[in-house]
Amino acid sequence: MHILVTAASKHGATDEVADAIARRFTKAGFEADRIAPGDVDSVEEYDAVVVGSAVYILQWMPAAHDFMERFARELAAKPVWAFSVGMNGVPKHAPQDPTRIGPLLTHVNAKDLKSFGGRYKPSLLSLRERSVARLAGVVEGDFRDWAAIDEWADGIIASLGR
Ligand SMILES: Cc1cc2nc3c(=O)[nH]c(=O)nc-3n(C[C@H](O)[C@H](O)[C@H](O)COP(=O)(O)O)c2cc1C
1 MHILVTAASK HGATDEVADA IARRFTKAGF EADRIAPGDV DSVEEYDAVV
51 VGSAVYILQW MPAAHDFMER FARELAAKPV WAFSVGMNGV PKHAPQDPTR
101 IGPLLTHVNA KDLKSFGGRY KPSLLSLRER SVARLAGVVE GDFRDWAAID
151 EWADGIIASL GR
């Protein structure tokens, strides 16, 4: 099994989630390529694709949008799993409308769209970003649940037949 794991990340939290997923695949004996969405030239060689993005102002990042559009036709013919990393579901943060991300996935055959908690560390951000984050009510802290991330990757491994 040859799997592409691609993710759009601005401050690294989503990249680390994608790294953990790819490591899980490698441990299971799959070949996993970790490539940024903008650097992917072709998806032809992959048996499955895992695509993720950090969520900013309710949206996937432009690089992830662009990836879904560029490869829409090829992705429609492959098993695709999608994940978002953000503060949706984090306590104190209001649940958001997932249909903002959903339309991106309707033209591919996505098996799942999973939301993971992210990390918000104001010290990593510009003043402008901190102001927007504050207005959006983003909660400070690292909410990434590594056990849940491994479990999700294991579900993909099982469904691909290992
Ligand atoms: C300016 C800003 C806006 C954000 N907007 C959202 C949002 O609309 N929904 C959400 O779930 N999380 C939101 N977040 C939280 C980020 O998705 C979270 O910090 C994520 O882990 C960032 O991933 P990255 O480090 O890979 O860029 C926002 C964070 C910032 C700084």
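The numbers in full-length UniProt numbering rise by one with no breaks, and the one at position 86 of the sequence shown is 86. Where is the CB? At the ideal position from N, CA and C, for every residue including glycine. Nothing here was measured: the structure is a model prediction, and the numbers come from that model.
Are residue i and residue j closer than 7 Å when you measure CB to CB?
{"i": "residue 108", "j": "residue 14", "result": "no"}
{"i": "residue 144", "j": "residue 161", "result": "no"}
{"i": "residue 24", "j": "residue 153", "result": "yes"}
{"i": "residue 81", "j": "residue 47", "result": "no"}
{"i": "residue 32", "j": "residue 18", "result": "no"}
{"i": "residue 71", "j": "residue 43", "result": "yes"}
{"i": "residue 3", "j": "residue 30", "result": "yes"}
Quick one: grab the DSSP three-state call for residue i.
{"i": "residue 117", "result": "strand"}
{"i": "residue 35", "result": "coil"}
{"i": "residue 76", "result": "coil"}
{"i": "residue 131", "result": "helix"}
{"i": "residue 27", "result": "helix"}
{"i": "residue 84", "result": "strand"}
{"i": "residue 137", "result": "coil"}
{"i": "residue 142", "result": "strand"}
{"i": "residue 112", "result": "strand"}
{"i": "residue 44", "result": "coil"}
{"i": "residue 71", "result": "coil"}
In terms of DSSP beta bridges, what is residue i paired with?
{"i": "residue 56", "result": "59"}
{"i": "residue 4", "result": "33 and 49"}
Shortest alpha-carbon distance to residue i belongs to which of the options?
{"i": "residue 115", "options": "23, 59 and 1", "result": "59"}
{"i": "residue 68", "options": "38, 12 and 46", "result": "38"}
{"i": "residue 16", "options": "150, 81, 140 and 154", "result": "150"}
{"i": "residue 138", "options": "26, 7, 28 and 122", "result": "122"}
{"i": "residue 65", "options": "8, 130, 136 and 135", "result": "8"}
Is any heavy atom of ligand 3 found at a distance shorter than 6 Å from the C-beta of residue i?
{"i": "residue 46", "result": "With respect to ligand 3, the structure offers nothing, as its ligand set consists of ligand 1."}
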